[in-house]
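Reviewing the structure listed below.
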Amino acid sequence: MLEYAQVRHRYIERPVGTFVPSMVQLWDDLFELCERIGLRILLTPFDTFWTWLHWKHHPYNGRNGGPLRHPSRLLLCSDTRKAIKNRLTFAVERWGDSGALFAWDLWNEIHPAQAEESADCFGEFIHDLSHHVRSLEQRLYGRSHPQTVSLFGPELSLRPHLDLKEPIFRHPDLDFATLHIYETGSIDNPQNTVDAAISMGRIVQDALAEIQDGRPFLDTEHGPIHSFKDRNRTLPEPFDDEYFRHMQWAHLASGGAGGGMRWPNRSPHTLTRGMRKAQQAMAGFLPLVDWLRFQRRSLNAEIESSRDEVACFGCGDDAQAVIWLLRKDTMDQNGTLRTDAEPMNLTVRIPRLSSGSYCVTGWNTLEGRTCATFEAAKSPEPFLQLRVPPFGADLALAIRRQ
468 MLEYAQVRHR YIERPVGTFV PSMVQLWDDL FELCERIGLR ILLTPFDTFW TWLHWKHHPY
528 NGRNGGPLRH PSRLLLCSDT RKAIKNRLTF AVERWGDSGA LFAWDLWNEI HPAQAEESAD
588 CFGEFIHDLS HHVRSLEQRL YGRSHPQTVS LFGPELSLRP HLDLKEPIFR HPDLDFATLH
648 IYETGSIDNP QNTVDAAISM GRIVQDALAE IQDGRPFLDT EHGPIHSFKD RNRTLPEPFD
708 DEYFRHMQWA HLASGGAGGG MRWPNRSPHT LTRGMRKAQQ AMAGFLPLVD WLRFQRRSLN
768 AEIESSRDEV ACFGCGDDAQ AVIWLLRKDT MDQNGTLRTD AEPMNLTVRI PRLSSGSYCV
828 TGWNTLEGRT CATFEAAKSP EPFLQLRVPP FGADLALAIR RQ
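Rendered as structure tokens:
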């Protein structure tokens with residue numbers, strides 16, 4: 468977020484149209500740092516959450532010299548639109564040529580409340596910002612970065628009478644789709660690390676089913692927001708590390724791009740060492756898949772298992788598959804999986820793969836290493852049947868036709 472509107476000294480414009488030198492320098496330094504160490508930035512122009520809550524202080528408020536009386540018309544006011552596009556112009560001109568810039572989230576958590584409780588303008592609003600940014604990048608740099616617009620995921624079920632899916636999953640100007648995944652209970656206030664993963668897998672599967680042109684989907688914000696923000700509780704680190712690891716593998720294996728993005732919801736506001744280790748472990752797994760040729764679809768509802776005690780997550784095409792198996796029967800009183808459970812023997816049946824010989828690699832998601840490698844033959848029958856290596860808590864599989 469170009470500004471963090473919870474506090475008044477983090478506005479990037481003050482007054483509207485005047486960019487604060489210290490904040491610009493902060494972003495210059497951050498881009499330089501990310502370029503040096505190889506991190507990429509998904510950049511969004513506004514912190515819409517705190518902008519709404521602290522509107523009386525915001526530079527866009529008419530009382531502070533801004534163009535808008537109330538944030539319920541953020542998406543509708545023509546003068547505000549000019550200010551929004553001016554901010555995006557500044558960002559494109561200053562940082563659009565940086566190799567650290569990954570993509571634009573043109574509007575963070577677009578919401579009907581920002582358009583007088585309507586979603587009718589979403590398509591036009593997205594098109595206007597998208598065209599503005601893309602045409603400017605093309606003119607300045609000869610290419611443009613990927614674009615998306617995010618939505619607070621629970622709104623899909625809270626407001627079924629509004630057409631939220633079309634602009635989020637199928638808008639023709641956007642390059643990938645994203646949600647902020649905060650399902651009530653299992654994810655925003657988790658009691659165990661298994662239900663959160665199952666919810667993540669289902670949400671990714673449902674999101675991919677809404678996409679008709681093969682564009683990628685990824686979670687760009689998730690975490691225990693209700694536990695932390697409303698109940699003032701920071702999750703115990705061992706629990707949170709496992710919760711994080713399970714969520715990212717459910718996301719990837721269900722067909723999402725990468726492992727998703729965690730809003731820390733911790734004090735201090737940062738990922739733990741265990742979460743970084745989990746990211747490193749997933750990064751080690753990724754070369755086992757030929758991603759440029761992987762035309763995957765979610766297989767969560769189609770994979771068959773010989774044991775009901777295991778949750779199965781998977782995605783695949785006719786030549787490759789990524790599978791993640793998670794036990795549900797070894798949970799301890801703290802809501803995490805026991806580390807001393809007797810390993811389970813399991814047979815799984817994976818659909819949609821073509822006939823041939825396959826290399827199967829088992830991956831220990833906790834330690835980030837290969838734990839088994841074997842071959843399997845697929846006959847003309849509908850499923851590839853695998854007897855997987857025994858595992859105590861969870862196991863990832865990379866399957867590639869030879």
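Under this note's numbering, the first residue of the sequence shown carries the number 468, and numbering increases by one thereafter.
Just so you know, even glycine gets a beta-carbon here, dropped at the ideal spot from N, CA and C.
Bear in mind the structure is a predicted one, so any value in this text is a computation, not a measurement.
- Assignment of M667 by DSSP, reduced to helix, strand and coil, places it in the helix class.
- The residue from V474, H521, G505 and N528 with its alpha-carbon nearest to that of P482 is N528.
- Residues P621 of the same chain have their beta carbon placed closer than 7 Å to that of T651, with the five preceding and five following residues left out of the count.
- Counting only the Cα atoms, D655 lies some 16 Å from L738.
- The DSSP-derived three-state label of F619 is strand.
- Counting along the chain, F569 sits inside the beta strand (DSSP E) bounded by residues L568 to D572.
- When secondary structure is reduced to three states using DSSP, H689 falls in the strand class.
- CA-CA distance, S694 to Q605, rounds to 43 Å.
- T837: member of the beta strand (DSSP E) spanning R836 to K845, first to last residue.
- A residue is called buried once 16 or more other Cβ atoms fall within 10 Å of its Cβ, and A768, having fewer, is exposed.
- Straight across, the Cα-Cα distance linking L820 with Y471 is about 47 Å.
- The closest CA to that of C838, considering only P857, S846 and F850, is found on P857.
- Looking at R774, V815 and D785, the one whose alpha-carbon comes closest to that of D796 is R774.
- One alpha carbon belongs to E677, the other to S765, and they sit about 12 Å apart.
- For the stretch 522-603, the continuous beta strand (DSSP E) assignments of 3+ residues that do not extend past its boundaries occur at 568-572, in sequence order.
- Scanning R698, W574 and L804 for the CA closest to the CA of L469 turns up W574.
- With fewer than 16 other Cβ atoms from the protein chains shown falling within 10 Å of its own Cβ, D496 counts as exposed.
- Rounded to whole angstroms, the separation of the alpha carbons of S545 and L555 is 15 Å.
- Exclusion of the five residues before and after H689 leaves H647, I648, Y649, I654, M667, M714, G727, M728, R729 and W730 as the residues of its chain whose Cβ lies within less than 8 Å of its Cβ.
- Annotation: the continuous beta strand (DSSP E) that includes Q787 extends over Q787 to R794.
- Around the CB of E704, fewer than 16 other CB atoms lie within 10 Å, so the residue is classed as exposed.
- Rounded to whole angstroms, the separation of the alpha carbons of T828 and A844 is 14 Å.
- Secondary structure note for W494: its alpha helix (DSSP H) is the uninterrupted segment P488 to I504.
- Counting only the Cα atoms, E809 lies some 51 Å from D640.
- CA-to-CA, the gap between N659 and Q614 works out to about 34 Å.
- DSSP lists W791 and W830 as the beta-bridge partner residues of A863.
- Here Q672 is near S721, since their CB atoms are less than 8 Å apart.
- Listed in chain order, the non-local C-beta contacts of E709 below 6 Å within the same chain comprise T660 and T803, local neighbours out to five positions each way being set aside.
- In this structure, S539 sits near A580, with a CB-CB distance shorter than 8 Å.
- Runs of the alpha helix (DSSP H) spanning 4 or more residues and lying entirely within the stretch 708-752 occur at 740-752, in chain order.
- Rounded to the nearest whole angstrom, the CA to CA distance from R610 to A558 is 15 Å.
- An exposed status is given to R507, since fewer than 16 other beta-carbon atoms sit within 10 Å of its beta-carbon.
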